[in-house]
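One structure is given here, and the rest of the page talks about it.
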Amino acid sequence: MNKNKKTMHSRKEEEQGKRVMITIGIIAVVLVIAMLVGYSVLGK
């Protein structure tokens, strides 16, 4: 019982970690695009 709970917990943590990494990646891409657009607008 206890071992099963631990495996479920670690699986949930792994899923949460993946979700966080995907979110960080999306935010990074959006920031890069925003910076490029801002630079091209302000650069001219």
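Under the numbering used here, the first residue of the sequence shown is numbered -7, with each subsequent residue one higher.
Each residue gets a CB set at the ideal place from its N, CA and C atoms; glycine is no exception.
Keep in mind the model is a prediction, meaning the values are calculated, not measured.
Spatial distance of residue i from residue j (CA atoms)
i	j	result
residue 0	residue 7	11 Å
residue 20	residue 26	10 Å
residue 24	residue -4	42 Å
residue 33	residue 9	36 Å
residue 13	residue 2	16 Å
Check: residue i C-beta below 6 Å from any heavy atom of the ligand NAD
i	result
residue -4	With respect to the ligand NAD, the structure shown offers nothing to examine, as it has no ligands at all.
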